[in-house]
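When you read off a place in the sequence shown, starting at 1, and then add 25, the result is the number in the working numbering. Structure record follows, encoded as structure tokens.
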Amino acid sequence: MLSTRLASRRLAVPARRWKHTSSRPPLNSVTADDVAHFAKILPQNAILSTLPPSDLHASDIDQYNNDWMGKYHGNSTTVLRPQNTKQVSDIMKWCHERRIGVVPQGGNTGLVGGSVPILDELIINLGNMSKVRSFDPVSGALVADAGCILESLSEHIAPHNHIMPLDLGAKGSCQIGGNVATNAGGLRLLRYGSLHGTVLGLEVVLPDGTVLDNLTTIRKDNTGYDLKQLFIGAEGTLGIITGVSILTPPAPQASTNVILALPRFENVLPVFKTARLHLSEILSAFEFIDREAYDLAVKHGQGKALNEQDVEGAECFVLLETSGGKKEHDEEKLTGLLETLLEADEPLILTGVLSQSPTQFASMWRLREGITESVSKEGKAYKYDISIPLAAFKEVVDLTREHLRKQGLLHEEAVKQVIGYGHVGDGNLHLNVIAAAYTSEIQAALEPFVYELVASYNGSISAEHGLGAMKAHAIHYSKTGVAVDMMKKIKELFDPRGIMNPGKVLEF
Ligand SMILES: Cc1cc2nc3c(=O)[nH]c(=O)nc-3n(C[C@H](O)[C@H](O)[C@H](O)COP(=O)(O)OP(=O)(O)OC[C@H]3O[C@@H](n4cnc5c(N)ncnc54)[C@H](O)[C@@H]3O)c2cc1C
């Protein structure tokens, strides 16, 4: 039944060109002379190079050359860690002149191979640019260096009763510049919208070293093209973001969460609709976790939200959060919702547990946020963050599992598990295939299979992680030829020499 449905879907999708690895334009490698030049711009401790006369070894810069998943590996000889915008500008002027490829790098938590070189490009890591420039507690406008860690920004504004408009599992390592460069979504998007709405202004160093100062804190500005939008989600292919101005919302006075165990996936949609109706403006997150993802998170100690008897017979789970102004009022609404869900003729949920303390609140979130980490502890992950209609979440996971089974790849030595979880409120499913190792056989079984499947639902092959090196070749599955041509013209305009994060987002 599953395969019949898939076969008819696949017929509807035009054949596409596909290849696994991304390539990049011919560019110059960094030489010892270049490093000597960088030493005129930066202090010695901001330059990590394995080129002679340095006595550093490749292993000393491993952390910059390899991505978070251990899937993508660069071969750079040199990492620069500038402290201010002028230094970034001077470095870029030199790289532009010399045609040296450059990879901007934040916290290196990206999941599509965008933050590490394809070959030996120079890495510019923003970690030393970590100053908060200003915060206005009245408007909530925060201006910070691009290298500030997301969590440290949250801590900076917490005493003023403000929160960052985005939150993600990687918050302890990812940087605000990396967040903007990937247009990161995360757990608060349902409530506060995307960075295209909350970013007020950016300071960007362009590929030729020019500084584009667009770091405004005003909310309304209709003077011409809104250039900052081009850099949000450009994954470092148009310039290096060095400063970010972002609107931070007031902290909710009361936040509560509840975990729901559902007997059937088909109940997710009615539960979502009922929750929106009952909770309206206080609903701030609605996260879906399938049974296999839940068990995996529990197995790896990522929070324990429900008792064993509560999860018996549950096919999936929903983590729901409210953020409002008055605890009693919000809890009353949540209790009303739980009663409705449980008291229907055919109850939509098996059980629902309301957090009773800040510790329990955090533990429930840990369960959801910890899935990514659990997946990487379990094996090597093929990660697909896709936008598809909510009703198709389970079908896509089932079809992928079935497809791998048919290929003879669903066993402990190849693919161990196929799981699904994600941001229901945003129509974003994380489809994760957990394997014993990254192999070309599994890769070939998954791609273009997954991309074709997503296209058959008119979905997006990247809901939030971006294209990076992983999906640059597959952009056509979600964008028309006209749109891709326009993007190539924009890239050419900003970066005629093709030095900015080469081979990422757009195929060379
Ligand atoms: C545990 C975990 C959970 C995650 N959860 C989510 C989630 O819920 N939602 C989500 O959207 N993502 C998520 N991610 C992915 C990742 O954390 C985000 O994409 C994050 O925004 C990347 O930030 P970073 O600083 O680590 O950037 P990096 O990984 O260093 O870089 C990512 C991309 O941005 C570019 N870049 C970085 N800094 C700059 C800069 N200053 N200027 C220009 N380009 C730059 C890089 O070249 C690269 O292409 C998760 C990752 C992990 C490991």
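Heads up, the beta-carbon is just placed ideally off N, CA and C, and yes, glycines get one too.
Boundaries (first-last residue) of the beta strand (DSSP E) holding residue i
{"i": "Thr267", "result": "265-272"}
{"i": "Val127", "result": "127-130"}
{"i": "Arg158", "result": "157-160"}
{"i": "Val378", "result": "376-379"}
{"i": "Asn239", "result": "236-239"}
{"i": "Val296", "result": "Run containing Val296: none in the beta strand (DSSP E); it sits in the alpha helix (DSSP H), 293-304."}
{"i": "Asn150", "result": "147-150"}
{"i": "Asp410", "result": "405-412"}
Separation of residue j from residue i, as counted between CA atoms
{"i": "Leu178", "j": "Thr223", "result": "15 angstroms"}
{"i": "Asp423", "j": "Ile413", "result": "14 angstroms"}
{"i": "His98", "j": "Tyr502", "result": "26 angstroms"}
{"i": "Val127", "j": "Ala206", "result": "15 angstroms"}
{"i": "Gly132", "j": "Gly197", "result": "9 angstroms"}
{"i": "Leu366", "j": "His303", "result": "11 angstroms"}
{"i": "Asn457", "j": "Ile396", "result": "10 angstroms"}
{"i": "Arg34", "j": "Trp390", "result": "Low confidence applies here, because Arg34 scores a pLDDT of 38, under 50, leaving its location unreliable and the question unanswered by this model."}
{"i": "His62", "j": "Ile116", "result": "9 angstroms"}
{"i": "Pro521", "j": "Ser388", "result": "49 angstroms"}
{"i": "Pro277", "j": "Val343", "result": "21 angstroms"}
{"i": "His45", "j": "Ser309", "result": "The pLDDT assigned to His45 is 38, lower than 50, so where the model puts this residue is not dependable; a value taken from the coordinates is nonetheless given after this. Roughly 38 angstroms separates the two Cα atoms."}
{"i": "Lys324", "j": "Gly506", "result": "45 angstroms"}
{"i": "Lys513", "j": "Ala488", "result": "21 angstroms"}
{"i": "Glu333", "j": "Leu363", "result": "20 angstroms"}
{"i": "Lys419", "j": "Phe297", "result": "15 angstroms"}
{"i": "Asn90", "j": "Thr134", "result": "12 angstroms"}
{"i": "Gln130", "j": "Val479", "result": "29 angstroms"}
{"i": "Lys408", "j": "Glu346", "result": "25 angstroms"}
{"i": "Ile500", "j": "Lys351", "result": "45 angstroms"}
{"i": "Glu340", "j": "Leu287", "result": "6 angstroms"}
{"i": "Arg158", "j": "Thr273", "result": "14 angstroms"}
{"i": "Asn186", "j": "Tyr446", "result": "31 angstroms"}
{"i": "Gly484", "j": "Gln442", "result": "23 angstroms"}
{"i": "Asp320", "j": "Leu285", "result": "15 angstroms"}
{"i": "Lys529", "j": "Leu375", "result": "45 angstroms"}
{"i": "Val535", "j": "Asn239", "result": "Since the first and last residues shown for the chain are 26 and 533, residue 535 lies out of range."}
{"i": "Pro162", "j": "Ala169", "result": "14 angstroms"}
{"i": "Thr235", "j": "Ser465", "result": "42 angstroms"}
{"i": "Phe519", "j": "Gly261", "result": "12 angstroms"}
{"i": "Val421", "j": "Phe313", "result": "14 angstroms"}
{"i": "Asp335", "j": "Tyr476", "result": "36 angstroms"}
{"i": "Gly95", "j": "Ala417", "result": "30 angstroms"}
{"i": "Gly152", "j": "Ile307", "result": "36 angstroms"}
{"i": "His448", "j": "Phe311", "result": "6 angstroms"}
{"i": "Arg301", "j": "Asp355", "result": "13 angstroms"}
{"i": "Thr110", "j": "Glu317", "result": "46 angstroms"}
{"i": "His82", "j": "Gln112", "result": "25 angstroms"}
{"i": "Gly194", "j": "Ser382", "result": "21 angstroms"}
Residue span of the alpha helix (DSSP H) that contains residue i, given as start and end
{"i": "Gln432", "result": "From DSSP, Gln432 is part of no alpha helix (DSSP H); its letter is neither H nor E."}
{"i": "Thr360", "result": "352-368"}
{"i": "Glu180", "result": "175-182"}
{"i": "Asp335", "result": "333-336"}
{"i": "Glu477", "result": "474-481"}
{"i": "Val205", "result": "201-207"}
{"i": "Lys324", "result": "316-324"}
{"i": "Leu255", "result": "253-256"}
{"i": "Met551", "result": "In the structure displayed, the chain extends from 26 to 533; residue 551 sits before or after that span and is not available."}
{"i": "Leu215", "result": "214-217"}
Bridge-paired residues (DSSP) for residue i
{"i": "Phe538", "result": "Residue 538 lies beyond the range of the chain shown here (26 to 533); nothing can be said about it."}
{"i": "Asp170", "result": "Gly268"}
{"i": "Val443", "result": "Val458"}
{"i": "Thr281", "result": "Thr347"}
{"i": "Val229", "result": "Leu237, Ile266"}
{"i": "His187", "result": "Pro275"}
{"i": "Ala499", "result": "Its beta-bridge partners do not exist; DSSP assigns none."}
{"i": "His448", "result": "Glu312, Asn453"}
{"i": "Ala286", "result": "Phe342, Thr376"}
{"i": "Val224", "result": "Ile271"}
{"i": "Leu485", "result": "Going by the sequence as given, residue 485 is Ser instead of Leu. According to DSSP, which records beta bridges pairwise, Ser485 is partnered with Ser412."}
* Only counting runs of 4 or more residues, tell me where the alpha helix (DSSP H) segments fall wholly within the segment 505-531, in order along the chain. => Taking only runs of at least 4 residues, the alpha helix (DSSP H) segments lying wholly in the segment 505-531 are 506-519.
* Runs of alpha helix (DSSP H) lying entirely within the segment 42-116, each at least 4 residues, in chain order -> Correct list: 57-66, 87-90.
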